[in-house]
Amino acid sequence: MILIMMYEFFLGHQSKWKPYIDVLPPTFDTPMFWSEEELSYLQASATVDKIGKADAEEMFRTRLIPAIRGNPSVFVSSGDCSDGDLIGLAHRMGSTIMAYAFDLENEEAENDEESDGWVEDREGKSMMGMVAMADILNADAEFNAHVNHGDEELTVTSIRDIKAGEEILNYYGPHPNSELLRRYGYVTEKHSRYDVVEIPWDAVQHSLTSELGVPQDIMTETMDKMDQDDLEDIFVLERDSGEPNPDGTFAGPAVVDGMPPDLKEQLKATIKLLQKVDGNLISDKRKRDDILRSTMVETLRLIASRYSTTIAEDEILLAQDSLTRRQRMAVQVRLGEKKLLQEAFDHFSEMVVQEAADTASATAKRAKRSE
1 MILIMMYEFF LGHQSKWKPY IDVLPPTFDT PMFWSEEELS YLQASATVDK IGKADAEEMF
61 RTRLIPAIRG NPSVFVSSGD CSDGDLIGLA HRMGSTIMAY AFDLENEEAE NDEESDGWVE
121 DREGKSMMGM VAMADILNAD AEFNAHVNHG DEELTVTSIR DIKAGEEILN YYGPHPNSEL
181 LRRYGYVTEK HSRYDVVEIP WDAVQHSLTS ELGVPQDIMT ETMDKMDQDD LEDIFVLERD
241 SGEPNPDGTF AGPAVVDGMP PDLKEQLKAT IKLLQKVDGN LISDKRKRDD ILRSTMVETL
301 RLIASRYSTT IAEDEILLAQ DSLTRRQRMA VQVRLGEKKL LQEAFDHFSE MVVQEAADTA
361 SATAKRAKRS E
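Position one of the sequence shown corresponds to residue 1 (the UniProt record's numbering), numbered consecutively onward.
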């Protein structure tokens, strides 16, 4: 798709798509185009590791540039461009596709939905298309329009009354602001309900080791005994947000209601195996769920400490006018992640306190009965 867009660009006035290409933005605010100083405003956000600029440019050099250089009669006027110019244009077209292209549904997908068998995961295989006019719509987490895919056209249909002067908003999906920034170069307040924080397993393992006082050699021995193919490196902390209402509005508040299920299973399996390696490591008086919650609290504390500013400091910073647009969006992303971490920390801390209170109460009752 990038190569096709570049082909049309080089055709210039000969391209029937020139009026469309001319109105597409020449620059973007996605992190792909940010300086190192601007990226530093994201602090510990996992977004920094997902930009993929080096990988993208390697692909441009090894696949796109040879195709263009090898076919000068096809990519007319490309000879006037240096390799650096071509990489810059490829970045522009790639970002345009990421921000504006549509996944074009086809009959194969429709037939699969009607069948009883497994549907193949076609991530990365869907056909992309640039559709003039359809990309004039902005989008938000609460929306009032839906894009319907027909055989030959895309039709935008309102899903509730839209008042005169009110913006028509499409829906890109339940994306966190970090993903909106990475894909499209913007963030919105309403998408903050979908914010996520990545929890590395090494952080969880560190917290578990500290919580149980496990010697490092025992922990290493335990992890070596686990099936390495089943071990996950990253887990995603998110709120339970629910599906939007049929009219595009929120169904209710988004709340943290527990540990990521895959993290919980891996942590339980690790604790169980630790008990097999050394039955004296875990006191019988401590319930496994209590260990899970305490480990989660310490893990959240560790991850939060990797951000160099607090929630309050970020809120003060956002109230000032000294930030550029990119700096402001970065602060909004990291602030949303910190708020999620705090909500989760409060959630699990309350559970730990309640468990301690229940245990103390039960112990007191047993002592009273034995008198």
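All C-beta atoms, glycine included, are put in the ideal place defined by N, C-alpha and C.
Residue 127 sits in a strand when the DSSP states are folded into three classes.
Judged by their CB atoms, residue 212 and residue 263 are not nearer to each other than the 7 Å cut-off. Sixteen is the threshold: since fewer than 16 other Cβ atoms of the shown chains lie within 10 Å of the Cβ of residue 231, the residue is exposed. Annotated three-state conformation of residue 302 is helix, per DSSP.
Counting only unbroken stretches of 4 or more residues, the alpha helix (DSSP H) elements lying wholly within the region 227 to 286 are 261 to 277, in sequence order.
Note on geometry: alpha-carbon atoms of residue 238 and residue 294 lie some 19 Å from one another.
In the three-state DSSP reduction, residue 48 falls in the helix class (H, G or I). Under the three-state reduction of DSSP output, residue 177 falls in the helix class. Look at residue 9 here: in three-state DSSP terms it is helix. According to the DSSP assignment, residue 19 belongs to the alpha helix (DSSP H) that extends over 18 to 23. Per the DSSP secondary-structure output, residue 102 pairs in a beta bridge with 129. Comparing C-alpha distances from residue 132 to each of 326, 155, 145 shows the shortest one belongs to 155. Put simply, the backbone Cα of residue 252 is about 16 Å away from that of residue 195. Shown here, residue 322 sits in coil according to DSSP, grouped into three states, outside any helix or strand. Inter-residue distance for residue 99 and residue 210 is about 44 Å (C-alpha atoms, whole angstroms). Excluding five sequence positions before and after residue 292, the CB atoms of its chain that fall closer than 8 Å to its own CB belong to 259, 264, 267, 268, 271, given in chain order. Taking 7 Å as the cut-off, the Cβ atoms of residue 332 and residue 41 do not count as close. If the five residues before and after residue 93 are omitted, its C-beta is found closer than 6 Å to the C-beta atoms of 2, 5, 6, all from its own chain and listed in chain order. Within the same chain, and ignoring the five residues on either side of residue 60 in sequence, the residues whose Cβ sits closer than 6 Å to its Cβ are 87, 90.
Rounded to the nearest whole angstrom, the CA to CA distance from residue 75 to residue 11 is 7 Å. Burial check for residue 296: the Cβ neighbour count within 10 Å reaches 16 or more, so the residue is buried. The C-alpha of residue 255 lies about 17 Å from the C-alpha of residue 245. Annotated as distal: residue 313 and residue 45, with beta-carbon spacing of 7 Å or more. Within the DSSP bridge table, the entry for residue 155 names 148 as partners.
With contacts defined as CB atoms closer than 7 Å, residue 149 and residue 159 fail to qualify as a contacting pair.
One alpha carbon belongs to residue 23, the other to residue 130, and they sit about 13 Å apart. Residue 199 has 235 as its beta-bridge partners, per DSSP.
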